[in-house]
Structures are given as C-alpha cells and as structure tokens.
C-alpha cells in the first residue's frame, strides 16, 4: 500500500514538473512573440539559455502536444535570431536612430515645424489620369445600350405555358450540353489555333475569334479564354498600341495555377463584332 | 535625326506615357512591364527619360521590393522593382498646403512615419495612436491613421502592427526626415 501511495506521489510530482516545464515553454513562446510584434530589443531574449533549457526538457516529452510546443518554441527562437541579424544590419545603417530620441523630438516639435520638415523630405509621385478616345467611344456605346433603370426593374413576365422538364436530346439540340467532353473541345480548338498560326508564331486575337455569326464569335472567345487560363496559349497584350495577340504553346504548360496570373476582361458587343468583321473582310 | 536616334526618342516617349499615366490602381510601373514594352535595354531608355525630366524637376525613382536599394541590383530585383515619376526637389510649405493637405494632417503623418522608421519599420498601432493623441483628438487620430493606410503610406497587419507602405517608401526621403527631426531645436 505504502509503495503504491509513494508511486502516486512520485507520479503526481512528475506530472506537476511536466506542467511547469510546459508552462515555461509557453512563456518562452509568448516572450518571443512579444519581442517580434512589439519591435522590442531581440537581444533581451537569452537565446543560449533558452536553447539549453529546451535541450533539458526534451527527454521528458512523451505526448504529441509537448513535442508540438517544443517545435513552436524552437521556431520562435529561430525568428528571434533572424530579428537579431536584422537589428545589427539596421543599427549599422545610417537610418538607425534611438527610437526614444526620435519620440522625444517629435513630442517637442510643434505642428508648423513638423510640416516644414515633412515638406523638405517629401517627393510626391506624379500621376495622371486620362481617357483615350477609344475608351470614350466605348463608354458612349455602353450608355446608349443601357436600358433605363425603370425598365430593368420591371418584373419578368409569368410563363404562359406550363413548365415541363427538358430532355437530354433537347439540351443537345440547344447546345447547352454536348456529347463531347469539354477537354476534347478545348484540345480540338487548340489544334485549330496552332494550324491557323502555323509559321507566324502569333495571331491577332480578333482575327482568330471573329467569326461569321456573333454567337460563334462569343463561343470562340469563351474557348480562347480557357486556352489561355489552362496554359494552352499565351496572350500578349500591347497596352500602348492596344493590340492583343495569341501565341499557342507547343505543349500545354504544366502548373499554370501555381503561377501568379492576371485577368484581362475583353468586352465584345454586337457593334464591336460588326466593326471587327468588316475590318477583317477588307 | 538618324533612324537610331528617332527610334530611341520614340521609346523615351513611350516610357513617359507609361510612367505618367496611371493604369493600375497603384501608380508606377513594375520593371518587367517596362522591359516588356521598351525592350531589353529599358534601363537606358529610363536613363534618357530621366535626363529629359531633370529639366522639369522630375525624376524616375526606383523602389525595390525590400524597400532598400541593393548595392548592385540584379536583373530580377529590377524586374520586381516599381518605377515612379516623382518630384525631384521637395515642395515649398505653401505648395504643400496647396496640395490639399491640412497642416495638422501632415504633422500627424510625419510623426507616424518618423516613429515607425525609428522602430525599424514597424510599430504597434496603439503606440502610434498614443503618441498622436498627445496633440490630436482621438477621432482625428483614428481618421488619419485609416486615411494614411488608404493612401498607401501605411499598412496594418492582422495583429495591429503598422508598417511603412509603398507610397511612403517611394515619396519620403527617410534619412532626410530623421536628420531634420533630430536637427530641429526643441
């Protein structure tokens, strides 16, 4: 009995010790975080002592939670060492001034003098905003085509016929669904682009997508956007000349979604389609 | 004018057009965009443009991603850097007032930026607020700190730490600012 109770006491001591060590780990992490976020002096953290302690605690850890905390503490120490490096670099540059000195000065200097100081060290960016003739034309077109708000607010008419479900055949006929998978369609379209470009390396975006009908043009623009997004072709935009070119890749690019990409919205209305078609036929 | 010179001048004009006209939400152009439009020797074109702008007291400023100018910038660092056109000489006090800034707002910006620079480029918002609230009411401090962030002078992370943002790095000569503050007799 005595042996058992002694064992219990010993066990609870170990448990208490573990809790204390864990608390120490938490304190180390919190100290490192406070130095990191409050821009405190990273040399106030005694890295060597902490690393010795971590080494001492390590054999006691048994459960996953302890190991995770240990790793977190080690990671915090690594951040502190990195901060110490930056601290030395900063102090060795001409930009280093004691923060207290700056704080004292800015508290004492009056508003007028601060403005004077700012004006002597401020070199504002020069930027201009302007509209090109093309943009103004697009805006006018947009305005002319825009339905008045009152009309847009009108309720949708109630359907005259009874609602029925649509069969697969009808959806195929309406081109809402297709027998061919989207990937196959895209692949065929890519081959078409490569054939059209052949030896020229690149082709004007408009001459490639503009077709005999407006619907077909929209469909081709839609597929082209997927060709570019999925890495089958590259879109080259010349902002100054306002020209867009398509350059098909020899092989589809891999890892396209891991690269930083940008979206290029291209509006195509009927008037634009007509004008592009006319200029193409000329 | 020889063909070469004419071609160079065309590219200088193109560079001016790209740099002056704001095309994105943020002003300025990345190095890779200039390279794409002006060609491989875009830096010589920018140098030529700089010479032309010098007469008008403007200059092309390059702000690197790290904030500090590397000793010998690599092609990659230049591609990622942002190029701006800025005023070469600082504005006079009267010109500054004409630029639409209130005097006390400029003072608040100066204090916030100087404090953050002295704290190695980052400081808790609370500390900046504390120092500003010694001279400005709370509502004005909040309004200004948010406004400085919207304008791109400051940036705040999720933990409430304020950093210098792209506009402060491009427009403010940090060294001169600190020197003048320290030189001011209080």
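Residue numbers (my numbering), protein chains in the order written: chain A, 11 to 292; chain B, 110 to 295.
Ideal placement from N, C-alpha and C gives every residue a C-beta, glycine not left out.
Exposure of residue i, with buried meaning 16 or more beta-carbon neighbours within 10 Å
i: residue 151 of chain B; result: buried
i: residue 132 of chain A; result: buried
i: residue 13 of chain A; result: Because the pLDDT of residue 13 of chain A is 49, which lies under 50, any placement of that residue in the model is unreliable, and the number read from its coordinates should be weighed accordingly. Result: exposed.
i: residue 119 of chain A; result: buried
i: residue 234 of chain A; result: buried
i: residue 195 of chain B; result: buried
i: residue 21 of chain A; result: For residue 21 of chain A, the predicted structure reports a pLDDT of 49, less than 50, and the residue's modelled location is therefore unreliable. A value from the coordinates is still provided. The residue in question, residue 21 of chain A, is exposed, as its Cβ has fewer than 16 Cβ neighbours within 10 Å.
i: residue 286 of chain B; result: buried
i: residue 4 of chain A; result: Absent from the structure is residue 4 of chain A, since the part of chain A shown begins at 11 and ends at 292.
i: residue 283 of chain B; result: buried
i: residue 68 of chain A; result: exposed
i: residue 113 of chain B; result: exposed
i: residue 19 of chain A; result: Note that residue 19 of chain A scores 48 on pLDDT, short of 50, meaning its location in the model is unreliable; the coordinates nonetheless yield the value given after this. Classification for residue 19 of chain A: exposed.
i: residue 209 of chain A; result: exposed
i: residue 200 of chain A; result: buried
i: residue 192 of chain A; result: exposed
i: residue 190 of chain B; result: buried
i: residue 239 of chain B; result: exposed
i: residue 278 of chain B; result: buried
i: residue 31 of chain A; result: buried
i: residue 55 of chain A; result: buried
i: residue 276 of chain B; result: buried
i: residue 162 of chain B; result: buried
i: residue 146 of chain A; result: exposed
Reduced DSSP category for residue i - H, G, I as helix; E, B as strand; rest coil
i: residue 135 of chain B; result: coil
i: residue 129 of chain B; result: helix
i: residue 229 of chain B; result: coil
i: residue 147 of chain B; result: helix
i: residue 195 of chain B; result: strand
i: residue 92 of chain A; result: helix
i: residue 138 of chain A; result: strand
i: residue 73 of chain A; result: coil
i: residue 168 of chain B; result: strand
i: residue 292 of chain B; result: helix
i: residue 155 of chain B; result: helix
i: residue 21 of chain A; result: Annotation note: pLDDT 49 at residue 21 of chain A (below 50); position unreliable, coordinate value reported separately. Residue 21 of chain A falls in the helix class under three-state DSSP.
i: residue 240 of chain B; result: helix
i: residue 248 of chain B; result: helix
i: residue 272 of chain B; result: strand
i: residue 210 of chain B; result: coil
i: residue 177 of chain A; result: coil
i: residue 222 of chain B; result: helix
i: residue 281 of chain B; result: strand
i: residue 14 of chain A; result: With a pLDDT of 49 at residue 14 of chain A, under the threshold of 50, the modelled position of this residue cannot be trusted; read the value that follows with caution. Residue state, collapsed to three classes: helix.
i: residue 191 of chain A; result: coil
i: residue 63 of chain A; result: helix
i: residue 201 of chain B; result: coil
Contact under 7 Å by Cβ, residue i with residue j
i: residue 235 of chain B; j: residue 139 of chain A; result: no
i: residue 290 of chain B; j: residue 115 of chain A; result: yes
i: residue 247 of chain B; j: residue 272 of chain B; result: no
i: residue 124 of chain B; j: residue 171 of chain B; result: no
i: residue 83 of chain A; j: residue 39 of chain A; result: yes
i: residue 125 of chain A; j: residue 212 of chain B; result: yes
i: residue 122 of chain B; j: residue 168 of chain B; result: no
i: residue 262 of chain B; j: residue 274 of chain B; result: yes
i: residue 280 of chain A; j: residue 224 of chain A; result: yes
i: residue 258 of chain A; j: residue 220 of chain A; result: no
i: residue 215 of chain B; j: residue 128 of chain A; result: yes
i: residue 136 of chain B; j: residue 135 of chain A; result: yes
i: residue 109 of chain A; j: residue 228 of chain B; result: yes
i: residue 199 of chain B; j: residue 130 of chain A; result: yes
i: residue 141 of chain B; j: residue 188 of chain B; result: yes
i: residue 42 of chain A; j: residue 99 of chain A; result: no
i: residue 256 of chain A; j: residue 228 of chain A; result: no
i: residue 233 of chain B; j: residue 269 of chain B; result: yes
The ligand ADP heavy atom lying under 6 Å from the CB of residue i
i: residue 123 of chain A; result: The model on display carries no ligand, and the ligand ADP is accordingly not part of it.
For this session: Scan the stretch 117 to 140 of chain B for residues whose Cβ lies nearer than 8 Å to a Cβ of chain A and list them as they occur along the chain.
Result: 123, 126, 127, 129, 130, 131, 132, 136 and 137
Exercise. Listed in chain order, which residues of the stretch 119 to 150 of chain A have Cβ atoms closer than 9 Å to some Cβ of chain B?
Worked result: 119, 120, 121, 122, 123, 124, 125, 126, 127, 128, 129, 130, 131, 132, 133, 134, 135, 136, 137, 138, 139 and 140
For this session: Pick out the complete alpha helix (DSSP H) segments inside the stretch 217 to 292 of chain A, 4 residues or longer, and give them in chain order.
Result: 224 to 239 and 280 to 291
Exercise. Going along the stretch 249 to 261 of chain B in order, which residues come within less than 9 Å of chain C, judged by CB to CB distance?
Worked result: Here the protein chains are A and B, and chain C is not one of them.
Exercise. Closer than 8 Å, Cβ to any Cβ of chain A: which residues of the stretch 272 to 283 of chain B, in chain order?
Worked result: 276, 279, 280, 281, 282 and 283
For this session: For the stretch 216 to 227 of chain B, enumerate the residues whose C-beta is nearer than 8 Å to any C-beta of chain A, in chain order.
Result: 216, 218, 219, 220, 223, 224, 226 and 227
For this session: May I ask you to list, following chain order, the residues of the stretch 226 to 241 of chain B that have a beta carbon less than 9 Å from some beta carbon of chain A?
Result: 226, 227, 228, 229, 230, 231, 232, 233, 236 and 240
Exercise. Between the stretch 145 to 158 of chain B and chain A, which residues of the former have a C-beta closer than 7 Å to a C-beta of the latter?
Worked result: 146
Exercise. What residues in the stretch 222 to 244 of chain A bring their beta carbon closer than 9 Å to a beta carbon of chain B?
Worked result: none
For this session: Taking a Cβ distance cut-off of 9 Å, strictly less, list which residues of the stretch 175 to 186 of chain B are near chain A, in chain order.
Result: 177
Problem set entry | Members of the stretch 272 to 291 of chain A that neighbour chain B once the beta carbon cut-off is set at 8 Å | none
For this session: Check each residue of the stretch 204 to 224 of chain A: if its Cβ is closer than 8 Å to any Cβ of chain B, include it; give the result in chain order.
Result: none
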